[in-house]
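A.B. asks:
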Amino acid sequence: MFRCIFSEGQKYKNLLNGRWVASRSGTWDQIFSPTDGSLVGEIPAVSPEEAGEFLETAVQAQKAWTTIPTNERAEVLHKAADILLREKDVIAGVLMREIAKNRKSSLSEVTRTADLIHFTAEEGKRVTGESLSSGAFPGFHETKLSIVNRVPVGVVLAIAPFNYPINLAASKIAPALVAGNAVVFKPPTQGSISALYLARVFCEAGLPAGVLNVITGQGRMIGDFLASHPLVNMIAFTGSSKIGKHIASLAGMKPLLLELGGKDAALVLEDADLSLAAQHIAAGAFSFSGQRCTAVKRILVLESVADKLIEKLLPLVQKMTVGRPEDDADITPLISNEAADFVQALIGDAIQKGAKLLAGNKREKNLVYPTLLDRVTVDMRVAWEEPFGPVLPILRVKTVEEAVRITNESEYGLQASVFTENVDSAFRIGAQLDVGTVQVNGKTERGPDHFPFIGVKSSGMGTQGIRYSIEAMTRSKAIVLNFH
């Protein structure tokens with residue numbers, strides 16, 4: 000079991016310069032289970048007055064951490080991944096209670112994160128610089144040699160979301176660490192306890208004091224302070240587009256990696272394998288109750304095959320189990336009643352405007368049943384707004400051009416799927432879609448984690464993915480040798 004002590008009963012502590020500490024103010028935020036409302040635990044509510052110490056100690060720790068050889072930094076990451084796997088059942092249990100993720104998905108998140116950390120440790124060893132000779136440029140002789148290295152940016156502020164508090168924290172922390180940065184990690188309030196378990200993993204793995212500091216509290220209390228602080232050299236954030244844009248407005252000239260919202264469309268063409276399309280769309284739309292930025296959030300299907308697609312899709316939705324995460328239900332409670340209210344409002348708006356209800360539109364507190372809507376039109380909110388819940392609208396289109404137009408009219412540009420048996424059509428349509436990634440004959444999703452993960456428009460800024468994240472968390476530094 001873990002050797003680092005980070006809690007007293009149900010009160011959890013922050014990680015500050017190698018010590019587990021509570022807030023000096025003595026205030027706490029209570030975390031309740033979305034499933035039954037029971038108290039999962041309490042976390043320190045750190046004030047802006049205290050938050051500066053988390054940054055100051057990180058600055059000092061980073062100076063020593065960056066002098067440690069990359070292979071030794073990588074070894075700490077390997078140890079952390081091994082500990083994470085050892086404790087997968089414990090951490091998965093916390094995920095189930097804190098964010099209502101079912102057992103299978105909780106275990107998958109932990110094991111996938113261990114794989115990500117191992118891969119990151121090895122990839123960090125392969126980030127190298129280059130040398131350039133002046134003789135290659137017109138008018139210059141071989142009198143200069145530029146040696147270009149990758150150096151860490153300094154202190155990375157990592158901010159993770161509630162839906163993947165382990166994986167989407169590690170996808171920021173591990174690349175930053177292996178590159179020689181220090182990290183100040185702000186977990187989501189709902190998800191903080193799971194994230195603190197991840198911090199405890201790095202603590203036990205032998206990460207030096209201050210290289211990873213973890214600060215909890217309400218974003219509205221300390222978020223602006225952290226994002227605008229001059230000791231922060233870079234920000235890596237996953238969350239809503241609204242908050243991402245706010246962070247960007249505060250960041251000034253800090254480099255940003257922003258992973259924001261999406262309205263991912265599945266375009267189903269007349270020659271698509273409809274059975275395959277239905278399976279991928281169902282899984283892509285309703286995994287973790289639709290609480291994923293990469294969830295399939297609307298279907299744009301050619302009118303000629305719409306009924307046939309529904310024949311294959313509807314039974315898959317109807318057989319989904321609904322209930323508790325501990326029972327491994329397919330659909331579990333949403334993160335809050337407010338989230339369920341929003342989803343229900345989208346459903347109600349669509350039905351009131353003439354959408355045909357095929358399944359769902361049933362709710363028990365924050366548990367929303369998987370809902371499938373047909374004959375959705377562009378004047379309905381659900382055609383454009385990101386629900387972050389288990390509702391899937393079907394928009395029938397007359398032409399491929401119409402499907403592309405509707406996809407591109409979204410403010411979001413994360414991913415899209417194209418289902419077709421014609422590879423030429425797939426590439427032609429893919430080139431027209433204004434998104435970061437186009438999936439051909441597969442659901443929209445993040446991963447594998449070494450693939451580039453890209454959002455455009457309101458869906459993000461910068462490219463993530465293990466090597467891409469390491470490169471984003473370093474900068475080029477040149478030393479020029481002059482020969483006389």
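Sequential numbering from 0 applies to the sequence shown in numbering that gives the first Met the number 0. Cβ atoms here follow ideal geometry from the backbone N, Cα and C, with glycine treated the same way. Note that the structure is predicted; figures quoted are calculated from it, not measured.
Pick helix, strand or coil for Thr65, following the three-state DSSP scheme.
C.D. replies: On the sequence shown, position 66 is the one that residue 65 refers to. Three-state result, Thr65: coil.
A.B. asks: Could you say which of Met472, Leu273 and Met379 lies nearest to Leu312 if we only look at CA atoms?
C.D. replies: Within the sequence shown, numbered from 1, the residue matching residue 312 stands at position 313. Selected option, being the one with the closest Cα: Leu273.
A.B. asks: Shorter than 8 Å from the beta carbon of Lys352 to some beta carbon of chain C?
C.D. replies: Looking for chain C here will not work: only one protein chain is present.
A.B. asks: Quick one: any contact between the segment 90-110 and the segment 443-457, if contact means 3 or more CB pairs under 8 Å?
C.D. replies: No, the segment 90-110 does not touch the segment 443-457.
A.B. asks: Rounded to a whole number of angstroms, what is the C-alpha to C-alpha distance between Gly441 and Gln278?
C.D. replies: For this step, residue 441 is matched to residue 442 along the sequence shown. For this step, residue 278 is matched to residue 279 along the sequence shown. Going by the C-alpha atoms only, they are around 9 Å apart.
A.B. asks: Leaving out five residues on either side along the sequence, give the residues of the same chain with a beta carbon under 6 Å from the beta carbon of Met0.
C.D. replies: Sequence index remark: in the sequence shown, residue 0 carries index 1 (1-based). At Met0 the pLDDT is 47, less than 50, meaning the model places this residue with poor confidence; the figure from the coordinates comes in the next sentence. Contacts found: none.
A.B. asks: Output the distance between the C-alpha atoms of Thr334 and Ala113, rounded to the nearest integer angstrom.
C.D. replies: Numbered from its first residue, the sequence shown carries residue 334 at position 335. Numbered from its first residue, the sequence shown carries residue 113 at position 114. It is Ile, not Thr, that sits at residue 334 in the sequence shown. Distance between the alpha carbons of Ile334 and Ala113: 25 Å.
A.B. asks: Inspect the CB distances between the segment 187-207 and the segment 163-171 and report whether three or more fall short of 8 Å.
C.D. replies: Short answer: they touch.
A.B. asks: Starting from Asn166, trace the alpha helix (DSSP H) in both directions and tell me its first and last residue.
C.D. replies: The count along the sequence shown starts at 1 and reaches residue 166 at position 167. It spans Asn166 to Val177 - the alpha helix (DSSP H) in which Asn166 sits, taken as one unbroken run.
A.B. asks: Going by beta-carbon coordinates alone, are Ala73 and Lys124 separated by less than 8 Å?
C.D. replies: Residue 73 sits at position 74 when you count from the first residue of the sequence shown. Residue 124 sits at position 125 when you count from the first residue of the sequence shown. Yes, these two residues count as a Cβ contact at 8 Å.
A.B. asks: Rank Leu176, Glu71, Thr462 and Gly283 by C-alpha distance to the C-alpha of Lys296 and give the top, closest one.
C.D. replies: Within the sequence shown, numbered from 1, the residue matching residue 296 stands at position 297. The option with the nearest alpha carbon to Lys296 is Gly283.
A.B. asks: Identify, in the order they occur along the chain, each residue of the same chain with its Cβ nearer than 7 Å to the Cβ of Ile478, setting aside the five sequence neighbours on each side.
C.D. replies: As a first step, residue 478 must be located in the sequence shown, where it is residue number 479. Counting only Cβ-Cβ distances below 7 Å, and skipping sequence neighbours, we find Ile146.
A.B. asks: Which two residues bound the contiguous beta strand (DSSP E) that contains Met319?
C.D. replies: Here residue 319 refers to the residue found at position 320 of the sequence shown. Note, Met319: premise wrong, no beta strand (DSSP E); not H, not E.
A.B. asks: By DSSP's criteria, Pro151 is part of a beta bridge. Which residues make up the other side?
C.D. replies: Translated into positions along the sequence shown, residue 151 becomes position 152. Thr473, per the DSSP bridge assignment.
A.B. asks: What number of angstroms, rounded off, separates the C-alpha of Ser37 from the C-alpha of Ile30?
C.D. replies: Within the sequence shown, the letter at position 38 stands for residue 37. Within the sequence shown, the letter at position 31 stands for residue 30. Distance between the alpha carbons of Ser37 and Ile30 is about 9 Å.
A.B. asks: Could you check if Val321 is buried or exposed, using at least 16 other CB atoms within 10 Å of its CB as the buried criterion?
C.D. replies: To locate residue 321, count along the sequence shown from 1; it is residue 322. Its Cβ being crowded by 16 or more others within 10 Å, Val321 is buried.
A.B. asks: Measure the Cβ-Cβ separation of Val434 and Gly461 and say whether it is below 8 Å.
C.D. replies: Your numbering for residue 434 matches position 435 in the sequence shown. Your numbering for residue 461 matches position 462 in the sequence shown. The answer is no: Cβ separation not under 8 Å.
A.B. asks: Using only the heavy atoms of the ligand PLP, determine whether one of them is closer than 7 Å to the beta carbon of Gly359.
C.D. replies: Inclusion of the ligand PLP in the displayed structure is not the case, the ligand content being empty and no account of it being possible.
A.B. asks: What does the Cβ neighbour count give for Met233, buried or exposed, with the cut at 16 atoms within 10 Å?
C.D. replies: Along the sequence shown, one-based indexing puts residue 233 at 234. With 16 or more other Cβ atoms within 10 Å, it is buried.
A.B. asks: Roughly how many whole angstroms lie between the Cα atoms of Glu258 and Asn481?
C.D. replies: Position 259 of the sequence shown holds residue 258. Position 482 of the sequence shown holds residue 481. So the two alpha carbons sit approximately 42 Å from each other.
A.B. asks: Could you tell me whether the Cβ atoms of Leu94 and Ser193 are closer together than 8 Å?
C.D. replies: Along the sequence shown, one-based indexing puts residue 94 at 95. Along the sequence shown, one-based indexing puts residue 193 at 194. For Leu94 and Ser193, yes; Cβs fall inside 8 Å.
A.B. asks: Just to confirm the assignment, what range does the alpha helix (DSSP H) spanning Gly123 have?
C.D. replies: What you label residue 123 is simply residue 124 of the sequence shown in a count that begins at 1. Unbroken alpha helix (DSSP H) run through Gly123: Arg102 to Gly123.
A.B. asks: Taking DSSP's pairing of strands, which residues face Val455 in a bridge?
C.D. replies: Position 456 of the sequence shown, counted from the start, is the residue given in the question as residue 455. The partner list for Val455 (beta bridge, DSSP) reads Gly412.
A.B. asks: Compute the Euclidean distance between the alpha carbons of Phe224 and Gly218, then round it to the nearest angstrom.
C.D. replies: For the purposes of this step, residue 224 is taken as residue 225 along the sequence shown, with counting starting at 1. For the purposes of this step, residue 218 is taken as residue 219 along the sequence shown, with counting starting at 1. Taking the straight line joining both Cα atoms gives about 9 Å.
A.B. asks: When the Cα of Ala265 is compared with those of Phe184, Val300 and Leu249, which residue comes out closest?
C.D. replies: To locate residue 265, count along the sequence shown from 1; it is residue 266. Among Phe184, Val300 and Leu249, the Cα nearest to that of Ala265 is on Val300.
A.B. asks: To the nearest angstrom, how far is the alpha carbon of Pro254 from that of Lys307?
C.D. replies: Counted from its first residue, the sequence shown places residue 254 at position 255. Counted from its first residue, the sequence shown places residue 307 at position 308. Rounded to the nearest angstrom, the two C-alpha atoms are 47 Å apart.
A.B. asks: Which runs of the beta strand (DSSP E) fall wholly inside the segment 20-74 and span at least 3 residues, in chain order?
C.D. replies: Those beta strand (DSSP E) runs which fall completely within the segment 20-74 and span 3+ residues are 27-31 and 38-43.
A.B. asks: Helix, strand or coil, according to DSSP, for Val434 in the structure here?
C.D. replies: As a first step, residue 434 must be located in the sequence shown, where it is residue number 435. Coil.
A.B. asks: In the DSSP assignment, find the alpha helix (DSSP H) that holds Met95 and state where it starts and stops.
C.D. replies: Here residue 95 is taken as the residue at index 96 of the sequence shown, counted from 1. Where Met95 is concerned, the enclosing alpha helix (DSSP H) stretches over Lys87 to Ile98.
A.B. asks: Could you check where the beta strand (DSSP E) with Phe132 kicks off and where it finishes?
C.D. replies: Sequence index remark: in the sequence shown, residue 132 carries index 133 (1-based). Per the sequence shown, residue 132 should be read as Ser rather than Phe. First-last of the beta strand (DSSP E) with Ser132: Glu129 to Ser132.
A.B. asks: Please go through the same chain and pick out, in chain order, the residues whose beta-carbon is closer than 7 Å to the beta-carbon of Ala204, but skip the five residues on each side of it.
C.D. replies: Here residue 204 corresponds to residue number 205 of the sequence shown, with the count starting at 1. Correct list, in chain order: Val75, Lys78, Ala79 and Ile82.
A.B. asks: List the residues that DSSP assigns as beta-bridge partners of Met220.
C.D. replies: Here residue 220 refers to the residue found at position 221 when the sequence shown is read from its first residue. For Met220, which the question treats as bridged, DSSP gives no partner whatsoever.
A.B. asks: Using only CA atoms, which one of Glu55, Phe139, Ala168 and Gly179 lies nearest to Ala63?
C.D. replies: Counted from its first residue, the sequence shown places residue 63 at position 64. Closest by alpha carbon: Gly179.
A.B. asks: Can you tell me whether DSSP reads Ser288 as helix, strand or coil?
C.D. replies: Your numbering for residue 288 matches position 289 in the sequence shown. Reduced to three states, the DSSP call for Ser288 is helix.
A.B. asks: To the nearest angstrom, report how far apart Glu302 and Met319 are at their CA atoms.
C.D. replies: Position 303 of the sequence shown holds residue 302. Position 320 of the sequence shown holds residue 319. Their Cα atoms are separated by approximately 26 Å.
A.B. asks: DSSP on Ser239, reduced to helix/strand/coil?
C.D. replies: Sequence index remark: in the sequence shown, residue 239 carries index 240 (1-based). Correct three-state label for Ser239: coil.
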